[in-house]
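Data block below; observations after.
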Amino acid sequence: MPTYNRANLIVRAIESVLHQAHENIELLVVDDASSDDTARVMSRYANNTRVKYIRRETNGGAAATRNTGLRAAAGEFVAFHDDDDEWLYDRLSSQLKYFAVDKNLALTSCAMVRYNSHDDQFVFPPKALSLAADARCALARHLFAFTQTWLARRDCLVALGGFDETLRVWDDWDLMFRVSQAYTVEYTPELGVISHPSPQGIGADVSRRVHDLQIFVDKFRPQGDSHLMSNLHYMLGRFLATQGDWVAASAQGCRALRCDPMRARHWALVVGAPLLSALFQRRWRKRQS
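Going by UniProt numbering, the first residue of the sequence shown is number 1, and it counts up by one from there.
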């Protein structure tokens with residue numbers, strides 16, 4: 001579990017892990033050079049043999065912090081957690097059963113519910129997915145790859161080099177896409193995570209999202225199928241519209257159209273970017289509030 005200046009939140013996240021139905025766990029809390037009281041809060045777990053506190057000396061971002069934990073992990077399986085989220089009681093046990101059935105399975109991703117300050121509920125993925133669905137297809141259609149929903153074989157993630165530390169956001173999508181190219185990945189229907197996103201989180205920085213999403217798009221354009229690339233260009237256009245850059249947003253809509261000319265929303269982004277910009281800004285503020 002990576003953490004940075006969340007001393008006021010991490011106890012809830014930690015306790016949700018320690019109270020899992022599956023008790024044979026090792027919880028690694030990796031502190032990305034926090035300047036608050038995180039170390040003091042973690043001292044209460046000093047005698048808990050299931051909890052290990054690792055402090056990084058320099059701040060490197062979520063990807064670097066997750067890689068620190070990945071290298072330090074001793075178990076066959078690794079699950080990721082965010083310091084402002086909660087795991088449901090049977091989160092691990094529900095996902096582990098799929099590995100018992102399929103020895104070739106490298107990663108599972110469970111369902112997640114997210115609440116904002118208005119108690120609006122957003123469920124990810126928004127639609128039921130076939131357990132046999134190709135992960136790249138699911139990623140393309142549903143744009144769902146949150147690390148806090150993953151349970152994976154550690155050796156598979158290590159073999160791929162872990163998370164791309166040049167990305168401050170979208171590092172989860174990047175690794176999910178690489179895992180799905182090399183191994184078997186499944187989406188599991190059980191709800192396992194409650195997400196409470198913080199307005200101060202790196203993911204709330206739209207400009208950073210745009211910057212790193214462009215890197216992700218450029219990285220996988222040569223190997224991405226048309227459906228995936230159309231969705232990625234559309235999403236990039238939406239974020240650009242959220243920033244108020246409707247000219248660049250319209251250009252991304254054109255790229256999305258070239259990949260998939262039958263999607264009405266792509267046409268809407270091309271011709272209506274100035275009007276959609278205000279709509280996307282309102283939606284973004286609502287989700288982040």
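C-beta: ideal position from N, C-alpha, C; glycine also.
Just so it is clear, the structure is predicted and the values come from calculations on it, not from any experiment.
What are the start and end residues of the alpha helix (DSSP H) that includes Y187?
-> That residue, Y187, is in no alpha helix (DSSP H); its beta strand (DSSP E) goes 184 to 195.
Closest by CA to residue 296, which one among R66, L28, D32?
-> This structure cannot speak to residue 296, because the chain is shown only from 1 to 289.
Beta-carbon gap between L167 and D212 smaller than 8 Å = For L167 and D212, yes; Cβs fall inside 8 Å.
Can you check the segment 200 to 250 for any alpha helix (DSSP H) of at least 4 residues that lies completely inside it and give the ranges in chain order?
-> Within the segment 200 to 250, the runs of alpha helix (DSSP H) that reach at least 4 residues and sit entirely inside it are, in chain order, 206 to 220, 226 to 242.
D90 versus S207: straight-line alpha-carbon distance, rounded = Cα to Cα, the separation comes out at about 36 Å.
Roughly how many whole angstroms lie between the Cα atoms of N231 and T49?
-> Pairing N231 with T49, the inter-Cα distance amounts to about 45 Å.
Given 8 Å, three or more beta-carbon pairs between the segment 61 to 81 and the segment 152 to 160 | Touching, per the Cβ criterion.
Please name the residue, chosen from L92, Y234, L191, D102, that lies closest to R265 on a Cα-to-Cα basis.
-> Among L92, Y234, L191, D102, the Cα nearest to that of R265 is on Y234.
Measuring CA to CA, which of A39, D31, L9, V51 is closest to N24?
-> Relative to N24, the option among A39, D31, L9, V51 whose CA is nearest is V51.
Over the uninterrupted alpha helix (DSSP H) stretch that includes S43, give me the two end residues.
-> Neither: S43 is in no alpha helix (DSSP H) and is coded neither H nor E.
What residue range is occupied by the uninterrupted beta strand (DSSP E) comprising residue 291?
-> Residue 291 lies beyond the residue range present for the chain, which begins at 1 and ends at 289; the question has no answer from this structure.
Could you check the C-alpha separation between L131 and D37 for me, to the nearest Å?
-> Residue confidence for L131 is low, a pLDDT of 47 falling below 50, so the modelled location carries little weight; the figure read from the coordinates is stated next. Cα atoms of L131 and D37: separation of roughly 42 Å, rounded to the nearest angstrom.
Are the beta-carbon atoms belonging to V113 and I194 less than 8 Å from one another?
-> Contact: yes.
If you follow the beta strand (DSSP E) that T108 is part of, which residue opens it and which one closes it?
-> From DSSP, the beta strand (DSSP E) with T108 extends over 105 to 115.
Using DSSP bridges, identify the partner residues of F77.
-> Answer is R153.
A73 versus I54: straight-line alpha-carbon distance, rounded = About 11 Å.
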